[in-house]
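Each protein sequence line maps, in turn, to chains E and Y. Going from the first sequence to my numbering is simple: count from 1 and add 48. Going from the second sequence to my numbering is simple: count from 1 and add 98. Heads up, the beta-carbon is just placed ideally off N, CA and C, and yes, glycines get one too. Note that the structure is a prediction, hence the values are computed from the model and not measured. Step one of this worksheet: look at the structure below.
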Amino acid sequence: MSAPRPSGLVITASPHVRSQDSTPVIMWNVVGTLVPVIAAAAWFFGISALLVIGSAAIGALITERVFGRGDSLADGSAVITGLLLGLTLPAGMPLWMAALGGAFGIGFGKIVWGGLGQNVFNPALVGRAFLQAAFPVAITTWPTGGGSFWTLRGDLFALPFMHPVTDAITAATPLGLLKFEGQGTDLTRLVIGNTGGSLGETAAVIILACGAYLAFRGYLNWRIPISIFLTVAALSTVIHLVDAQRPDALFMLFSGGLMLGAVYMATDMVTSPVTNRGRWVFGAGVGVLVVVIRLWGGLPEGVMYAILFMNALVPFINRATQPRVFGSARKGAA
Amino acid sequence: MRSPGFRHGVHPPEAKELTHRLPIRRMPYPDEIVLPLRQHAGKPATLCVKVGDHVERGDPVGLADGWVSVPIHSSAAGVVTDIGMWPHPDGSMATAVRIAVDRYAAQVPRPRMVPHWEGLSTEEVVRAVQEAGVVGLGGAAFPTHVKLAPPAEFPVHTLIINGAECEPYLTSDHRTMAEYPARVMFGIRVMMHTMQVTRCVVGVERNKPDAIEALRGALPTDLDITILPLTVKYPQGAEKMLIQAVTGVEVPSGKLPVTVGVVVQNVGSVAAIAEVFETGLPLIERIVTVSGHGLLKPANLIVPVGTKLKDLLAYCGGLTPEAAEVIIGGPMMGQAQANLEAPVLKGTTGVVVLQRNDTRLEKVYPCIHCGRCLDACPVFLNPSLLGDLARVNRYDDMTDAHLSDCMLCGSCSYVCPSNIPLSQLFQASKVALRRAAAGAA
Ligand code: SF4
Ligand code: SF4
């Protein structure tokens, strides 16, 4: 029989209990759902996919370890950044570039802002934007899928500042085909992901399934991707009706990085709004920008810039969509 | 059908199964009781005994100091051994009367007249309730008689009895309703008569079907009393949430419930009012849930006010080796105790002993802006923003972000995956603001 032992008691502030989900649990769950997406990339692009994604992740992790606070690696967020960045890259990307992108994304996309939770822009997309600006050719050289698992694509092992050593066999992406050659791509191939493109552009179904799981567990806010999908679908349907040359809604939804961007990047909690109404607005903004950039911009793909642009607006969206405080007058009624 | 409730809120594990079927038992008298003079909201009682005095059970040791104050009575017969500073459950030291309980006393109170409530005027009922030292037994310990006499400019149309008991672990109100429904009804009758209110609604969370049934079985035919089952959600028992669930009306920000014509009274306090007019005894004991996985024998007990925590816990079999934290009140809003010499007060709803892995001694991460706290806050604040402001001491910006509407319910901290002590930050900020205001005045 133990007598009360005041010495052994802990004193914490209320509430003394908490829900089970913690930030690392959320982050590592996201990492877990990226595994099937990466597996799909490996299925289509073989070992090259794993090498590129791995390099991006290593670049991100080393940077986090060296410049991050204490044991910030353990929270899992740097892993997410590295893997997501890798998934936006082509399979033949020289590995040193992928690693540099990961390092840049963490360094300038996150650490300089003050680390986890403080950054305004999605770090993976910051890394990707950097690579796009620095290596515009390498990042738009899309090797084809197929071949054996062990086929090395593109200039994986190119060293910095060297000219490409091999002539890669390249394939155009569906969006590029459409934009620059006016050529469509079969929808089933898009949905399954058997097309040219960056690593994570190719597994729409798997990404959707993983997103649904995350949303179900409450690790991802479903309002953002749904809002993006609805906006893109509605807008492109209207445009398609006006001008049948323009792609229809399904093509828009399943091509390019839209799935990956909508499910994994636009939903990054740190860089998206905290209010539910704000999330609808944010998603709608991304959706509109994606359609506008894809159809009228100079680039075939616009998901990255759409999300980065909306990231910048998040503080304003948050402020404008604060919920009405309990017991205060309804807007317009007062 | 959806039962009435409010939006947002959280669902912590209820953990009520530890005690919700255990009948209320009476705890034996401890060897010593300690009665702090500050046990209620408002002014502390003024001392009216001296060291060496003999007191009978029910004799006052402190008298009401003004209108928003109540007397304190001895819960046992004995001798005053000391008057001085003693650990208070709020963490401070406070003036308290120590009484060595007379082991052989029959604990029979002095003969007294039981006031016959029907013949009394409103003022006389109010005075009787004040003299009996009745306070809100739901935790806040606001003097009950003040609520019986609301300001004349606000007519009260509905009396709401709070039987929600939404804090995890606690079952004292549940057992009161299930075992003493007639007493609850009698208390309601006295209140309705005194306040001239014609309608009464008792809100009970749906997870207490036996209490709902017992109350329904005891309903008098001549009074308009409704038993309303409520959604099981924390903080259903918060005054504003309960009023919204019952009436559909939001109490305006910064206003008292009486401005929308309702008065809310905790079910335990109603039973205490009934006792005053049943036995003439003041409030000297209360029903306390002693529970938690860190305790060997959880129970619902009638405990003499002033019983020290260590005696109470020892009576409940003592702590398990895994016990880590002792809390007065429930785990959402209760207060962790550093010193088990602190006594049970009138407002002590329960004593909960948590195990190490129930507590939240974990690493704090930065806010990841997940928005969960916004979805949890029952008054629709942005705790994420308030937390950011609190950390840099921007109290004025916090006021603009409606800090004053925060009721410190802890829902935001409960859901925060980064384990940020949000409500603790808000409490500290409120204190800082109050200090600044006092300094400026
Ligand atoms: S403690 Fe305050 S801010 Fe947090 S949920 Fe409760 S009322 Fe909202
Ligand atoms: S729940 Fe915690 S981490 Fe999430 S937004 Fe609120 S304060 Fe930030």
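- Note that the C-beta distance between G80/E and V318/E is not below 7 Å.
- M125/Y: not part of any beta strand (DSSP E); DSSP gives it neither H nor E.
- Rounded to whole angstroms, the gap between the alpha carbons of P213/Y and E229/Y is 12 Å.
- Using a Cβ-Cβ cut-off of 7 Å, S67/E counts as an interface residue toward chain Y, since at least one Cβ of chain Y sits closer than that to its own.
- When the five nearest sequence neighbours on each side are left out, the beta carbons in the same chain lying within less than 7 Å of the beta carbon of A397/Y are those of T117, L120, R123, V388, C414, in order along the chain.
- Assigned with DSSP and collapsed to three states, G448/Y falls in strand.
- DSSP, reduced to helix, strand and coil, places Y413/Y within a helical segment of the structure shown.
- Interface with chain Y (7 Å Cβ-Cβ cutoff): T71/E is included.
- Taking non-hydrogen atoms of ligand 1 into account, the C-beta of C465/Y is found less than 6 Å away from none of them.
- A check of alpha carbon separations from V513/Y across L57/E, F92/E, V65/E, A61/E identifies V65/E as the nearest.
- When only Cα atoms are considered, D200/Y and Y127/Y end up about 9 Å apart.
- DSSP assignment within the stretch 448–482 of chain Y yields the following whole alpha helix (DSSP H) runs of 4 residues or more, N-terminal first: 470–474.
- Taking the C-beta atoms as reference points, E154/Y is found nearer than 7 Å to R208/Y.
- Its Cα nearest to that of E383/Y, the residue T446/Y stands out among T345/Y, T446/Y, W215/Y.
- Excluding its 5 nearest sequence neighbours in each direction, A354/E has C-beta neighbours in its own chain below 7 Å: V334, L337, V338, I341, listed in chain order.
- Residues of chain E with a Cβ closer than 9 Å to the Cβ of M430/Y are, in chain order, S62, P63, H64, V65.
- Taking M290/Y as the centre and dropping the five residues before and after it, the same chain places the C-beta of L257, C298, L321 closer than 7 Å to its C-beta, in chain order.
- Relative to ligand 2, the beta carbon of R470/Y is positioned inside 6 Å of a heavy atom.
- Of all residues in the stretch 373–394 of chain Y, the ones placed with a Cβ closer than 9 Å to any Cβ belonging to chain E are L394, in chain order.
- For R458/Y, a Cβ of chain E is located within less than 7 Å of the residue's own Cβ.
- The C-beta distance from R325/E to T369/E rounds to 4 Å, short enough to meet the 8 Å contact threshold.
- Judged by DSSP secondary structure, S509/Y falls within the alpha helix (DSSP H) whose first and last residues are 509–513.
- Distances from the alpha-carbon of P184/E to those of I154/E, G162/E, G150/E, M145/E put M145/E closest.
- Using a Cβ distance threshold of 7 Å, A276/Y and G301/Y do not count as a contacting pair.
- Among the CB atoms of chain E, none fall inside 7 Å of the CB of P169/Y.
- Under the Cβ criterion of 7 Å, V462/Y is not counted among the residues facing chain E.
- At a cut-off of 6 Å, the beta-carbon of M505/Y counts as near ligand 1: some heavy atom of the ligand is closer than that.
- In this chain, the alpha helix (DSSP H) harbouring L313/Y covers 307–315.
- Excluding sequence positions up to five before and after G160/Y, its CB lies within less than 7 Å of the CB of L135, A143, T144, L145, C146, P169, I170, all in the same chain and listed in chain order.
- Not a single C-beta of chain Y is nearer than 7 Å to the C-beta of F115/E.
- In the three-state DSSP reduction, P213/Y falls in the coil class, being neither helix nor strand.
- Residues of the stretch 282–310 of chain E that bring their beta carbon within less than 9 Å of a beta carbon in chain Y are absent altogether.
- For C514/Y, the shortest separation between its Cβ and any heavy atom of ligand 1 does not lie below 6 Å.
- Contacts between P350/Y and chain E, judged by CB atoms closer than 7 Å, involve G375 in chain order.
- The straight-line gap separating the alpha-carbon atoms of P355/Y and P318/Y is approximately 26 Å.
- At least one heavy atom of ligand 2 lies closer than 6 Å to the C-beta of S482/Y.
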